[in-house]
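In what follows, a structure is listed as structure tokens, so that the remarks can point back to it.
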Amino acid sequence: MKITFAVTLLFVSNLLFSFSALNKAKQKPKWKLAWKDEFNYEGFPDSTKWSYDVGGEGWGNEELQYYTKQRKQNVAVSNGCLSITAIKEKYEGNNYTSARLVTKGKKDFKYGKIEIRAKIPKGRGLWPAFWMLSSNEPRIWPDDGEIDILENVGYTTGEITGAAHVRRNKTSNAIITSSNSTNIEGASDAFHVYKLIWTPERLEWYVDDKLFHFYDKADRPPLHWPFNGNFYLILNVAVGGSWGGKNGIDDTVFPQSFVIDYVRVYEDQNL
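Residues 386 to 656 in our numbering are what the sequence shown spells out, letter by letter.
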């Protein structure tokens, strides 16, 4: 009798837990603004929110720019927007300059709705991006994953790509990339909202609230879902590189700016 009661109690408990988990999964997100930069100030980006990656050694992608630190020619906030500007010029042994802003060491994120309203630069050889890397120290790439919320290479005007990168298997450094692209008319001439919705089970990419890519944990082996940890944000404009420079660089287009109206991160209060 005691055994039967215990088994029954365990069954009921598991059933209630299953219903609770299912109900939680079906709940609509309850978004609350958790972090933002509206760029409603003048000067350099807010140092309490952003720092800089600096250097010009190719950044693992054969890129040609030198990323500078607090150099007004490459990064400035004015008229309610942040501008990251790529310039053709000799600097520290490189032929181009630009900037790369990161929230590393300032703010980490785990799940949420991440939005940027922006105009992308225009021209062959440019490679603007808004993306995320793991905050793990030491970070091991691609084991710890990468999320690209917005990428464009200048030889595909208006083509916006979202992607997730993970390690293919434990025995090699090969990666698996899940990506998709959508075409946005006037992406360099008008502001558009680029968005990632990141949950414990799924990644979704949007432009102007239109879903164009997704990546599901349920469809992947555990190695291909490293997205349950903290990540930080990156904003940059690369020049050239293995992808951005695939069709060469049009030096007549410089300078070109990645103009950002805001970056906002919302947390789901149901998680």
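For every residue, glycine included, the Cβ atom is placed at its ideal position computed from N, Cα and C. A quick note: this is a predicted structure, and the numbers were derived from the prediction, not measured.
Which of helix, strand or coil DSSP assigns to residue i
i    : result
L449 : coil
D636 : helix
A575 : coil
L608 : helix
A406 : Residue placement at A406 is poorly supported in this model, since its pLDDT is 46, which falls under 50; the coordinates still yield a value, given next. Helix.
Y437 : strand
K473 : strand
A623 : strand
K580 : strand
K595 : strand
A603 : helix
W628 : coil
E423 : coil
Q458 : coil
N554 : coil
F429 : coil
L417 : Contrary to the premise, residue 417 reads as Lys rather than Leu in this sequence. Three-state DSSP puts K417 in a strand.
Y481 : strand
L656 : coil
Candidates the options, of which the one nearest residue i by Cα
i    : options                : result
N364 : K595, T541, F597, L608 : Here the chain covers residues 386 to 656 and nothing more, so residue 364 does not appear.
A519 : R509, V487, N565       : The sequence given here has Ser at residue 519, not Ala. The option with the nearest alpha carbon to S519 is V487.
Y600 : G478, Y451, H550, K507 : H550
H609 : K413, P527, R649, A503 : P527
I560 : F424, G530, E544       : G530
N558 : I525, D533, K492       : I525
A572 : R456, I619, N479, F643 : F643
V538 : T562, P513, T433       : P513
D355 : G547, H598, K507       : In the structure as shown, the chain begins at 386 and stops at 656. Residue 355 is therefore absent and cannot be evaluated.
D653 : K495, Q455, P430       : K495
A484 : P606, D604, T567, W435 : W435
K595 : K580, I634, L535       : K580
Residue range of the unbroken beta strand (DSSP E) whose run includes residue i
i    : result
V592 : 587-592
E652 : 641-653
D529 : Where D529 is concerned, there is no enclosing beta strand (DSSP E), given that its DSSP letter is neither H nor E.
G539 : Where G539 is concerned, there is no enclosing beta strand (DSSP E), given that its DSSP letter is neither H nor E.
I560 : 560-568
N613 : Premise fails: N613 is in no beta strand (DSSP E) and is neither H nor E.
Short CB-CB distance (under 7 Å) between residue i and chain B
i    : result
D636 : Checking the listed chains, one finds no chain B in this structure; it contains a single protein chain.
Pair within 7 Å by beta-carbon distance, residue i and residue j
i    : j    : result
I469 : V622 : yes
E423 : Y647 : yes
V462 : Y426 : yes
G497 : W590 : no
N565 : K415 : no
G626 : N446 : yes
Y380 : D438 : Residue 380 is absent from the structure shown; the chain starts at 386 and stops at 656.
N479 : G510 : no
K473 : D636 : yes
Check: residue i C-beta below 6 Å from any heavy atom of the ligand NAD
i    : result
I505 : The ligand content of the structure shown is nil, which means the ligand NAD is not present either.
| Whole beta strand (DSSP E) elements within the region 499-523, 3-residue minimum | The region 499-523 contains these whole beta strand (DSSP E) runs: 511-519.
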